[in-house]
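A.B. asks:
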Amino acid sequence: MSYVVEKPINQIITYSYDTMIVYYPKRKKAFKIKSQEDVLQKNNSFTDLKSYINNLRNAGYIFLKKQKKGDTITSYWSHEKQKIILKLAYDQKGRVYEVNVKTEGGKYLYTMKAEDYITLQDSVFFPKKLITTTQNDTEIFVFDSISIVPFDSLPSFIKNPVIPDNASVQLKGFSEQ
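Counting in my numbering, the sequence shown runs from 1 upward without gaps.
1. Just curious, the beta strand (DSSP E) that Asn55 is in, first and last residue?
2. Residues in the same chain with beta-carbon distance under 6 Å from Ile140, minus the five sequence neighbours each way, listed in chain order, please.
3. My output table needs one value for Lys7: the three-state DSSP class, helix, strand or coil.
4. Could you spell out where the alpha helix (DSSP H) holding Phe157 opens and where it closes?
5. Starting from the C-beta of Arg95, find all residues in its chain whose C-beta is less than 6 Å away, skip the five residues before and the five after it, and write them out in chain order.
6. Would you grab the beta carbon distance between Ile158 and Thr19 for me? Rounded to a whole angstrom, and I think it's under 8 Å.
7. Here's a check: name, in chain order, each residue in its chain whose Cβ is nearer than 8 Å to the Cβ of Tyr61, leaving out the five neighbours to either side.
8. When DSSP builds the beta bridges, which residues end up paired with Gln170?
9. Just verifying my parser: in three-state terms, what is the DSSP assignment at Phe125?
10. Excluding five sequence neighbours on each side, which residues of the same chain lie with their C-beta closer than 8 Å to the C-beta of Asp91?
11. Please look up how many angstroms separate the CB atoms of Glu115 and Lys128, rounded, as I've assumed it's under 8 Å.
12. In three-state terms, what does DSSP make of Asp91?
13. So which of Gly106, Ser75, Gln67 and Lys65 has the shortest CA-CA distance to Ile84?
14. Using three-state DSSP, classify Phe63 as helix, strand or coil.
15. Determine the contact status of Thr138 and Tyr110, defining contact as a CB-CB distance below 9 Å.
16. Could you tell me the boundaries of the beta strand (DSSP E) in which Phe141 lies?
17. To which residues of the same chain is Ile12 closer than 6 Å at the C-beta, ignoring the five residues directly before and after it?
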């Protein structure tokens with residue numbers, strides 16, 4: 001999944017497996033951020049629920065239970081090795097509204113909430129607002145020009161997300177090896 005942000009500052013954000021790259025083309029600066037919970041990034045977007053659930057299973061999560069209240073389905077998953085519980089709330093159309101990751105002791109590690117979904121091409125849903133919260137901060141993303149763009153018209157950085165040699169790169173979350 002990729003985003004091109006034009007305002008307030010020009011940046012391109014790409015997600016690939018367990019790494020997010022935030023690239024500022026005009027400043028020639030990039031941040032490579034390694035996710036501690038790569039299953040959250042493996043899904044192309046939060047609109048392909050079946051793929052997301054398969055990724056949970058492939059990443060070692062075990063299904064615990066499912067609750068249904070009105071149109072909302074909430075499922076709970078556990079990861080024995082990482083000692084975490086994941087809560088996933090979605091609707092009958094497969095739109096994910098909330099993802100919570102917490103320790104078995106109840107300490108929240110990550111929360112994502114999606115609001116105001118729009119429909120693209122009859123079966124692709126995208127939220128107009130995302131709120132992500134980690135132990136360190138909360139970020140709110142508001143999307144106002146949402147569209148599916150033909151591959152040929154994408155910026156070259158999204159087609160091939162390789163940081164140019166002349167850009168400075170700061171790594172975050174990568175262990176020293």
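For glycine and all other residues, C-beta sits at the position ideal for the given N, C-alpha and C.
Note that the structure is predicted; figures quoted are calculated from it, not measured.
C.D. replies: Straight from the coordinates:
1. For the purposes of this step, residue 55 is taken as the residue at position 55 of the sequence shown. Run containing Asn55: none in the beta strand (DSSP E); it sits in the alpha helix (DSSP H), Leu49 to Asn58.
2. Numbered from its first residue, the sequence shown carries residue 140 at position 140. Ile131, listed in sequence order.
3. Along the sequence shown, one-based indexing puts residue 7 at 7. In the structure shown, Lys7 sits in coil (DSSP, three-state: anything other than H, G, I, E or B).
4. Taking the sequence shown and counting its residues from 1, one reaches residue 157 at position 157. Residues Ser156 to Lys159.
5. The count along the sequence shown starts at 1 and reaches residue 95 at position 95. Excluding residues within five positions, the ones whose Cβ falls inside 6 Å are Tyr117 and Phe125.
6. The sequence position of residue 158 within the sequence shown is 158, counting from 1. The sequence position of residue 19 within the sequence shown is 19, counting from 1. With 8 Å as the limit, Ile158 and Thr19 do not qualify as a contact, their Cβ atoms being about 15 Å apart.
7. Here residue 61 corresponds to residue number 61 of the sequence shown, with the count starting at 1. If we look at Tyr61 and ignore the five residues flanking it on each side, its Cβ neighbours are Val39, Trp77, Ser78, His79 and Leu86.
8. Position 170 of the sequence shown, counted from the first residue, corresponds to residue 170. BP columns for Gln170 point to Phe31.
9. For the purposes of this step, residue 125 is taken as the residue at position 125 of the sequence shown. Phe125: strand per DSSP, three-state reduction.
10. Working through the sequence shown from its first residue, we reach residue 91 at position 91. Correct list, in chain order: Asp71, Thr72, Ile73 and Tyr97.
11. Your numbering for residue 115 matches position 115 in the sequence shown. Your numbering for residue 128 matches position 128 in the sequence shown. About 7 Å; that satisfies the 8 Å criterion.
12. Here residue 91 corresponds to residue number 91 of the sequence shown, with the count starting at 1. Three-state result, Asp91: strand.
13. Against the sequence shown, residue 84 aligns to sequence position 84. Nearest C-alpha to Ile84: Gly106.
14. Within the sequence shown, residue 63 is the residue found at index 63, counting from 1. In the structure shown, Phe63 sits in a strand (DSSP, three-state: E or B).
15. Reading the sequence shown from its first residue, position 138 is the one you call residue 138. Reading the sequence shown from its first residue, position 110 is the one you call residue 110. No. Outside cutoff.
16. Position 141 of the sequence shown, counted from the first residue, corresponds to residue 141. Note, Phe141: beta strand (DSSP E), Thr138 to Val142.
17. Taking the first residue of the sequence shown as position 1, residue 12 is located at position 12. Hits under 6 Å: Val4, Tyr23 and Phe157.
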